[in-house]
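Novice: Chains as they are written, first to last, in our numbering: chain A, 77 to 410; chain B, 77 to 410.
Quick one: the structure is below, and I'll ask about it shortly.
2 protein chains.
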Amino acid sequence: MRTIRQLSIILLTALGLASVTAIVGAQDTLPSWNDGAAKKAIVTFVAEVTTKGSTNYIPPAERIATFDNDGTLWAEQPMYFQFFFGLDQVRVLAPQHPEWKNKEPFASLLRGDMKSVFAGGERALMEIMMATHAGMTTAEFEQTVKDWIATAKHPKTGRLYTEMVYQPMLELLAYLRANGFKTFIVSGGGIEFMRPWTEAVYGIPPEQVIGSSIKTKYEMRDGKPVLVRLPELNFIDDKTGKPVGINSYVGRRPIAAFGNSDGDWQMLEWTQGGAGARLMTLVHHDDAEREWAYGAQSKIGTFSDALMAQAKKSGWVVISMKNDWKVIFPFKRK
Amino acid sequence: MRTIRQLSIILLTALGLASVTAIVGAQDTLPSWNDGAAKKAIVTFVAEVTTKGSTNYIPPAERIATFDNDGTLWAEQPMYFQFFFGLDQVRVLAPQHPEWKNKEPFASLLRGDMKSVFAGGERALMEIMMATHAGMTTAEFEQTVKDWIATAKHPKTGRLYTEMVYQPMLELLAYLRANGFKTFIVSGGGIEFMRPWTEAVYGIPPEQVIGSSIKTKYEMRDGKPVLVRLPELNFIDDKTGKPVGINSYVGRRPIAAFGNSDGDWQMLEWTQGGAGARLMTLVHHDDAEREWAYGAQSKIGTFSDALMAQAKKSGWVVISMKNDWKVIFPFKRK
Chain A
77 MRTIRQLSII LLTALGLASV TAIVGAQDTL PSWNDGAAKK AIVTFVAEVT
127 TKGSTNYIPP AERIATFDND GTLWAEQPMY FQFFFGLDQV RVLAPQHPEW
177 KNKEPFASLL RGDMKSVFAG GERALMEIMM ATHAGMTTAE FEQTVKDWIA
227 TAKHPKTGRL YTEMVYQPML ELLAYLRANG FKTFIVSGGG IEFMRPWTEA
277 VYGIPPEQVI GSSIKTKYEM RDGKPVLVRL PELNFIDDKT GKPVGINSYV
327 GRRPIAAFGN SDGDWQMLEW TQGGAGARLM TLVHHDDAER EWAYGAQSKI
377 GTFSDALMAQ AKKSGWVVIS MKNDWKVIFP FKRK
Chain B
77 MRTIRQLSII LLTALGLASV TAIVGAQDTL PSWNDGAAKK AIVTFVAEVT
127 TKGSTNYIPP AERIATFDND GTLWAEQPMY FQFFFGLDQV RVLAPQHPEW
177 KNKEPFASLL RGDMKSVFAG GERALMEIMM ATHAGMTTAE FEQTVKDWIA
227 TAKHPKTGRL YTEMVYQPML ELLAYLRANG FKTFIVSGGG IEFMRPWTEA
277 VYGIPPEQVI GSSIKTKYEM RDGKPVLVRL PELNFIDDKT GKPVGINSYV
327 GRRPIAAFGN SDGDWQMLEW TQGGAGARLM TLVHHDDAER EWAYGAQSKI
377 GTFSDALMAQ AKKSGWVVIS MKNDWKVIFP FKRK
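In structure tokens form, the structure reads like this:
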């Protein structure tokens with residue numbers, strides 16, 4: 077439900093009595109952002125595209141903003157949170173799979189020998205993901221994700237995973253929406269892993285979540301229609317897949333895109349390739365004290381030197397978590 | 077942009093001062109519908125799901141309505157309009173393809189021998205569609221569709237194809253949206269064939285259009301990123317594909333679904349399979365005088381006897397174009 081404040085903005089805008097940006101000042105809507113180049117770039121861009129008469133004005137219908145999820149909206153260390161879900165589900169499902177006791181990578185995982193699990197590389201991880209993400213109906217999987225996300229805790233912070241979202245990005249999402257933007261997630265993560273909770277956590281409804289997917293099959297079970305999740309890849313929403321996914325799901329080119337790693341490179345490039353004002357930004361994880369510091373050498377959320385060079389060359393905004401954000405996680409707010 | 081009327085409704089509703097249905101009376105929002113069982117079923121359903129306190133109340137975020145396009149929102153005879161586009165494009169592209177003069181089905185088509193073209197069956201049609209829908213960038217294809225839809229005329233009526241939409245359905249789309257519904261197209265037609273014009277014609281933005289698709293590939297051309305359309309099927313959004321597509325794109329089950337043929341069967345079945353109030357309807361083409369009369373025997377828009385039996389058994393609303401609609405096409409309004 078819209079707030080009365082939002083409705084007032086809509087009404088006033090419709091009546092031409094005020095510009096949206098004049099009402100929704102950046103000062104009180106981005107309180108966790110330090111005044112610096114990153115915040116200034118964001119606020120300037122939003123003012124430009126929302127001010128009628130500006131040469132860079134863009135009508136609300138075209139104000140599409142896309143956000144990566146892992147490392148951009150929530151944390152991704154020491155590994156993608158969806159992998160923790162997969163590992164937990166192997167333990168939950170083990171009683172139904174006695175054969176796993178003698179089958180890798182499941183046997184090692186169930187013994188708690190994570191080193192051997194990871195020694196199996198990508199193939200072992202894919203086996204774990206397929207075993208825990210396919211074979212059930214979409215409704216069953218949704219319930220499993222809901223149950224897990226409501227209870228599972230991060231190994232380092234002891235917090236719910238949905239608490240490990242970035243407060244400044246929550247403010248940014250709300251700020252953009254208050255200025256007529258439609259906010260989308262465009263993540264390499266599983267689309268059906270995100271949808272059960274993105275609306276409550278980010279205010280992003282399921283139909284605005286794009287992600288990687290496996291195939292589903294329609295069938296009748298006990299006279300009821302179900303969609304069964306098949307152990308077969310459908311779409312990888314990463315790197316060059318991100319523009320493909322955006323085109324497939326949204327059908328418009330974003331005017332603003334937010335990422336944090338090499339996987340977001342083409343999404344930013346595609347965004348910048350359109351005509352008119354564009355905003356491309358990358359969150360840089362440079363705060364070992366309050367979060368994690370990683371980049372070119374990290375396997376999770378790689379931010380290569382080449383990406384940094386491209387950002388500088390193309391005028392992409394690099395957000396320093398250490399310098400641009402007053403607080404990282406909502407639970408650390410005073 | 078919302079109208080002041082719509083904004084008033086939103087504001088009043090937010091303030092709890094009035095029910096939406098009390099303000100947006102069906103009388104003046106569905107003027108092209110005769111008072112009959114179909115209109116009554118629609119109005120009753122909308123009143124139920126939008127009235128707070130009603131046992132069947134459904135919050136706005138879950139008010140998803142899906143519409144087939146061909147034969148449901150616009151006409152589909154004597155063949156799907158997208159095929160007319162394909163045939164026209166063969167003629168446009170012929171100078172770049174001298175080899176087509178000796179290659180079927182192109183040779184027959186260019187000679188105007190449509191009988192031989194259709195004798196080639198589905199394979200010939202698929203060859204024509206791939207030759208005219210793939211090989212270019214998404215931006216180039218979008219412009220081609222825009223140019224064609226703005227000028228091409230229907231062989232029987234001499235009207236633009238976008239004029240051959242159903243006035244009662246335009247009213248229904250607006251009525252549902254005024255009552256907080258999000259309206260989606262779920263069509264067997266090409267997603268990128270529909271998106272360039274659905275917003276202007278139906279008020280449905282590209283991100284709410286689901287359809288069949290071919291694969292695309294991201295690449296750089298002259299230093300600019302493009303998406304190239306490949307001659308490879310990606311997804312067929314028909315029959316059991318419709319629930320799959322809805323789940324993939326929307327991530328919620330519709331509470332209302334509108335179709336007109338066997339291709340919509342599973343979409344209606346999937347819609348009905350959810351808990352709570354549901355509305356399933358089928359447009360029946362039974363008006364040879366004002367449009368076309370066809371059904372079980374038609375290859376285009378087949379409405380089989382089995383579907384009619386299922387509709388009766390399951391309480392799906394069958395809309396008689398002849399009896400339920402005062403006018404079919406907008407250009408016939410007095």
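Positions of the beta carbon are idealized from the N, C-alpha and C atoms, including for glycine.
1) On the criterion of 16 or more Cβ atoms from any shown chain inside 10 Å, does Glu198/A qualify as buried, or is it exposed?
2) Excluding five sequence neighbours on each side, which residues of the same chain lie with their C-beta closer than 8 Å to the C-beta of Val221/B?
3) Which of the three DSSP states, helix, strand or coil, is assigned to Thr97/B?
4) Which same chain residues, not among the five before or five after Pro282/A, have their C-beta less than 6 Å away from its C-beta?
5) Can you confirm whether Lys398/A, when its beta carbon is compared against all beta carbons of chain B, has any partner nearer than 8 Å?
6) How would you call Asp111/B, buried or exposed, if buried means at least 16 neighbouring beta carbons within 10 angstroms?
7) Check the Cβ-Cβ distances between Lys232/B and every residue of chain A, and say whether any is below 8 Å.
8) Per DSSP, which residues does Glu295/B bridge with? Please list them.
9) Quick one: which chain B residues come within Cβ less than 8 Å of Val326/A?
10) With three or more C-beta pairs closer than 8 Å as the rule, is the region 218 to 236 of chain B touching the region 383 to 393 of chain B?
11) Identify whether Trp176/B lies in helix, strand or coil by the three-state DSSP scheme.
12) Excluding the 5 residues preceding and the 5 following Gly350/A in the sequence, name in chain order all residues of the same chain whose CB lies nearer than 6 Å to its CB.
13) Is any beta-carbon of chain A found at less than 8 Å from that of Gly349/B?
14) Mind listing which residues of the region 302 to 328 of chain A have their C-beta closer than 7 Å to chain B's C-betas, in chain order?
15) Can you say whether Gln219/A is buried or exposed, counting buried as having 16 or more other CB atoms within 10 angstroms of its CB?
16) Could you give the C-beta distance for Thr208/A and Leu236/A, rounded to a whole number, given that I count them as a contact under 8 Å?
17) Quick check on Ser288/B: does DSSP put it in helix, strand or coil?
18) Any residues in the region 330 to 348 of chain B with a beta carbon nearer than 7 Å to a beta carbon of chain A? Which ones, in chain order?
19) Per DSSP, which one or two residues make a beta bridge with His360/A?
20) According to DSSP, what are the bridge partners of Trp401/A?
21) Assign Arg139/B to one of two classes, buried (16 or more other C-beta atoms within 10 Å of its C-beta) or exposed (fewer than that).
22) Compile a chain-ordered list of the residues in the region 112 to 124 of chain A whose CB is closer than 8 Å to at least one CB of chain B.
23) Answer yes or no: do Lys315/B and Val262/B have a C-beta to C-beta separation smaller than 8 Å?
24) Assuming Trp368/B and His361/B make a contact with CB atoms under 8 Å, what is their CB distance in whole Å?
25) Rounded to whole angstroms, what is the Cα-Cα separation between Ala195/B and Gly339/B?
26) Hey, Phe260/B and Ser289/B: beta-carbon distance below 8 Å or not?
27) Near Asp189/B, which residues of its chain fall below 8 Å by C-beta distance, leaving aside the five closest residues on each side in sequence?
28) Using a Cβ-Cβ cutoff of less than 6 Å, which residues in the same chain neighbour Pro307/A once the five nearest sequence positions on both sides are dropped?
29) Per the DSSP calculation, Ala333/A is bridged to which residue(s)?
30) Can you list, in chain order, the residues of the region 123 to 138 of chain B whose Cβ is nearer than 7 Å to any Cβ on chain A?
31) Which residue's Cα is closest to the Cα of Pro301/B: Trp346/A, Thr292/A and Gly299/A?
32) Roughly how many angstroms lie between the CA atoms of Trp224/B and Phe405/A, to the nearest whole one?
33) Going by beta-carbon coordinates alone, are Glu247/A and Leu149/A separated by less than 8 Å?
34) Determine the chain A residues that contact Lys300/B at a beta-carbon separation under 7 Å, and present them in chain order.
35) Determine, using beta carbons only, whether Arg187/B comes closer than 8 Å to chain E.
36) Please confirm if Tyr242/B has its CB atom under 8 Å from at least one CB of chain A.
Specialist: Looking at the atomic coordinates:
1) exposed
2) Phe161, Glu268, Phe269, Pro272 and Trp273
3) Because Thr97/B carries a pLDDT of 45, less than 50, the predicted location of this residue cannot be relied on, and the following value inherits that uncertainty. Helix at Thr97/B.
4) Arg271
5) no
6) exposed
7) no
8) Val302/B
9) Pro282 and Glu283
10) no
11) helix
12) Arg329
13) yes
14) Leu303, Thr316, Pro319, Val320, Asn323, Ser324, Tyr325, Val326, Gly327 and Arg328
15) exposed
16) About 20 Å; that fails the 8 Å criterion.
17) strand
18) Gln342, Glu345 and Trp346
19) Ser396/A
20) Trp109/A
21) buried
22) none
23) no
24) 6 Å
25) 23 Å
26) no
27) none
28) Met206 and Ala210
29) Thr142/A and Met356/A
30) Ala137
31) Trp346/A
32) 52 Å
33) no
34) Gly349
35) Chain labels in this structure do not include chain E; the protein chains are A and B.
36) no
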